[in-house]
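S.K.:
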Amino acid sequence: MRVSKFSGFRLVREALRGHRGWTPLWRNPEPQPTYDIVIVGGGGHGLATAYYLAKVFGQTRIAVLEKGWLGSGNVGRNTTIIRSNYLLPGNQPFYEFSMKLWENLEQDLNFNAMVSQRGIINLIHSDAQRDAYRRRGNAMLLSGADARLLSREDLRDLVPFLNYDDARFPIRGGLMQPRAGTARHDGVAWGYARGADALGVDLVQNCEVTGFRTRDGRICGVETSRGPIDAGKVGIAVAGSSGRVMALAGLRLPIESHVLQAFVTEGLKPVIPGVLTFGAGHFYISQSDKGGLVFGGDIDGYNSYAQRGNLPVVEDVVESGMALMPMIGRARLLRSWGGVVDMSMDGSPIIDRTPVDGLYFNGGWCYGGFKATPASGYAFAHLIATGRPHASAAAYRLDRFARGHVIDERGAGAQPNLH
Amino acid sequence: MLIPHPLLGPRDAQEFTYLGDARLLARPDGMAEGAEAAFYDYVYLRNNPAGVHRELWFHEHGDRSWLVVTRDTLTHDILGAELATDVVRRERPR
Ligand SMILES: Cc1cc2nc3c(=O)[nH]c(=O)nc-3n(C[C@H](O)[C@H](O)[C@H](O)COP(=O)(O)OP(=O)(O)OC[C@H]3O[C@@H](n4cnc5c(N)ncnc54)[C@H](O)[C@@H]3O)c2cc1C
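Protein sequence lines correspond, in order, to chains A and B. The first sequence maps to residues 1 to 419 in the numbering used here. The second sequence maps to residues 1001 to 1094 in the numbering used here.
1) Does the region 71–78 of chain A come into contact with the region 32–52 of chain A, if we say contact requires no fewer than three beta-carbon pairs (one atom in each stretch) closer than 8 Å?
2) For E1060(B) and chain A, any beta-carbon pair shorter than 8 Å?
3) Is Y95(A) near ligand 1, going by C-beta to nearest heavy atom under 7 Å?
4) Report whether the distance from the Cβ of V245(A) to the nearest heavy atom of ligand 1 is below 7 Å.
5) Is Y305(A) near ligand 1, going by C-beta to nearest heavy atom under 7 Å?
6) Using a Cβ-Cβ cut-off of 6 Å (strictly less than) and excluding sequence neighbours within five positions of Y95(A), which residues of its own chain qualify?
7) Which residues in the same chain as I124(A) place their Cβ atom closer than 8 Å to its Cβ, once the five residues preceding and following it in sequence are excluded?
8) Could you give the first and the last residue of the continuous alpha helix (DSSP H) run that contains A231(A)?
9) Between E256(A) and chain B, is the shortest Cβ-Cβ distance under 8 Å, so that the two count as touching?
10) Is there a Cβ from chain A that is less than 8 Å from the Cβ of A1032(B)?
11) So does I81(A) have its beta carbon nearer than 7 Å to some heavy atom of ligand 1?
12) Between which two residues does the alpha helix (DSSP H) harbouring N91(A) extend?
13) Would M345(A) pass as an interface residue toward chain B - the criterion being a Cβ-Cβ separation below 8 Å?
14) If you follow the alpha helix (DSSP H) that F1039(B) is in, where does it begin and where does it stop?
15) Tell me which residues of the region 386–401 of chain A have at least one Cβ-Cβ distance to chain B shorter than 8 Å, keeping chain order.
16) Count the other CB atoms within 10 Å of the CB of R13(A); is the residue buried (16 or more) or exposed (fewer)?
17) Please list the terminal residues of the continuous alpha helix (DSSP H) segment that includes H45(A).
18) Looking at the structure shown, is L248(A) part of a helix, part of a strand, or coil, going by DSSP?
19) Hey, is S304(A)'s beta-carbon within less than 8 Å of any beta-carbon in chain B?
20) Give me the subset of the region 1071–1094 of chain B whose CB atoms are less than 7 Å from a CB atom of chain A, sorted by chain position.
21) Output the distance between the C-alpha atoms of V64(A) and L47(A), rounded to the nearest integer angstrom.
22) How would you label S348(A), buried or exposed, when you count the other beta carbons within 10 angstroms and need 16 or more for buried?
As structure tokens, this is what we get:
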């Protein structure tokens, strides 16, 4: 299929011709009876996996099966924060690899995903927290990422509107990652979808996987709402539905599904320069290019597949926001929504083989898998194509819980609603 | 969400903290054969159903009792609640 490139020149040409020359970004093919590789889930991770399988690992005859429409899951529901400011050795190099892919993503995909490296600041409210963030900053530097410890005075220059002298949680400084920022979540899904389609991947929508077919302990296909499809290998990237889908293969996972809410206000003039996180509660905020303040906080905290949350968490998030920057009390909330997130038992993801030969699993992204989209797709494609884990994701094994090698950034233990 | 506390009547879910699947009541015997595998399963693996789920809620800001709440994870409808001690007595008679 011929793909026409996007460029400034083309935009001007189309504008002059009344925008009649644009074509759909991808085909809408009927599923074939057989593929070499079937990816289940047309979210960011599934689409990125298909793209890298075709582009980097030279695989052909690939399909992505999506039960709804492309990008209808968490990839289009998140608060769009991308960052590589983790602490632990199993995590930080992976997220930094992802950040490097983000930095070249739009050129690679020839698609505007509105990647904006406007920086993230994690606020510090106590001496102990400063020590912890100093350590984290050093871990980030060691992985090749960037990190800056900010004093209270540095912060006052950058973000003068914060509530610095709150009696309970005064702001004492911050840890900044200047290269972090935001990206247009839908744009990321669409960019990967267009890229994968152009490389010959079939993106099959309204096609729910309802079962797996195996022969002698090896995967040989999937059952779908549009009939059976044969496959040599099957990769699962269904985020919040991980438990349901893997149960079809008889597997129980170290994962619970929970609901996370997000919020956006009416559009305002630019007030927040980057991404800010409150260090004394769970609250993070940025401003979209359209002007809306986009923010969120804790997950609701109980198992849920409802894709909507309840009011107590709305109250909690808004209270945290008011404590941090009282000026947002003047903004009107426009919308709030929820997404079902796959909370793992240590707060870190899984990219691994499964006990079923030829069946691969990618999940457990918790509330933070958007930033991972490029690296997750790359590492999952590497695993599926070569049979070996990618170096950046080598710690994300399914059996790490049984072996006692958990990657627990929060140190919260096997309690998903605390990660 | 309102939880129908068997002793106190309907209480706001905010008064409770959530632990998870009520299977956690059935703690394996650490001295038994195969305890390692049983504990891996107990600590880490979850059925995580979409639909009816029996789960443990602690009435932290109330009478500090543990409840087994039956709730639909697809709709958040609460279908019932029992004292966890009653459930344990019934399901594990001594
Ligand atoms: C409110 C909210 C805010 C968030 N904020 C951030 C953030 O700021 N930064 C960050 O890094 N992360 C964030 N996240 C997390 C991030 O969005 C997810 O971790 C990530 O999007 C998950 O990967 P995905 O894009 O592949 O998932 P999804 O987009 O959910 O894709 C999974 C797809 O699988 C499909 N599927 C499910 N079952 C089947 C089946 N049986 N057959 C076929 N298809 C199926 C679904 O329809 C869905 O489209 C947030 C999440 C939420 C909900």
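Just so it is clear, CB atoms sit at the ideal spot from N, CA and C, and this is done for glycine as well. Since the structure is predicted, the reported quantities are computational estimates derived from the model, not experimental observations.
M.R.: The relevant details are as follows:
1) The region 71–78 of chain A vs the region 32–52 of chain A: in contact.
2) Locating residue 1060(B) in the second sequence gives position 60, counting from the first residue. Not one chain A Cβ lies under 8 Å of E1060(B).
3) By one-based count along the first sequence, residue 95(A) stands at place 95. With a cutoff of 7 Å, Y95(A) does not count as near ligand 1, since its C-beta is closer than that to no heavy atom of the ligand.
4) As a working mapping, residue 245(A) is identified with position 245 in the first sequence. Yes, the beta carbon of V245(A) sits closer than 7 Å to at least one heavy atom of ligand 1.
5) As a position in the first sequence, residue 305(A) is number 305, starting the count at 1. No, the beta carbon of Y305(A) sits no closer than 7 Å to any heavy atom of ligand 1.
6) What you label residue 95(A) is simply residue 95 of the first sequence in a count that begins at 1. Excluding sequence neighbours, Y95(A) sits near S84, Y86.
7) For the purposes of this step, residue 124(A) is identified with residue 124 of the first sequence, where counting begins at 1. Excluding sequence neighbours, I124(A) sits near R130, Y133, I171, R172, G173, G174, L175, G279.
8) The residue you call residue 231(A) lines up with position 231 of the first sequence. Segment 229–236 is the beta strand (DSSP E) holding A231(A); no alpha helix (DSSP H) there.
9) As a position in the first sequence, residue 256(A) is number 256, starting the count at 1. At least one chain B Cβ lies under 8 Å of E256(A).
10) By 1-based counting over the second sequence, the position of residue 1032(B) is 32. So no, A1032(B) is outside the interface.
11) Locating residue 81(A) in the first sequence gives position 81, where the first residue counts as 1. The answer is yes for I81(A).
12) Walking along the first sequence from the start, residue 91(A) turns up at place 91. Annotation: N91(A) is outside any alpha helix (DSSP H) and is labelled neither H nor E by DSSP.
13) Counting from one through the first sequence, the residue named residue 345(A) turns up at place 345. It does: the Cβ of M345(A) has a partner Cβ on chain B nearer than 8 Å.
14) Looking up residue 1039(B) in the second sequence gives position 39. Counting along the chain, F1039(B) sits inside the alpha helix (DSSP H) bounded by residues 1035–1044.
15) Cβ contacts with chain B come from F401.
16) In the first sequence, counting from the first residue as 1, residue 13(A) sits at position 13. By the neighbour-count rule (16 or more Cβ atoms within 10 Å), R13(A) is not buried but exposed.
17) Working through the first sequence from its first residue, we reach residue 45(A) at position 45. Start and end: 44–55.
18) Start at 1 with the first residue of the first sequence, and residue 248(A) comes out as number 248. In this structure, L248(A) counts as coil in the three-state DSSP scheme.
19) The sequence position of residue 304(A) within the first sequence is 304, counting from 1. Interface residue, yes.
20) Hits within the stretch, in order: T1073, L1074, T1075, H1076.
21) Position 64 of the first sequence, counted from the first residue, corresponds to residue 64(A). Position 47 of the first sequence, counted from the first residue, corresponds to residue 47(A). Just so you know, the alpha carbons of V64(A) and L47(A) end up roughly 7 Å apart.
22) Counted from its first residue, the first sequence places residue 348(A) at position 348. With 16 or more other Cβ atoms within 10 Å, it is buried.
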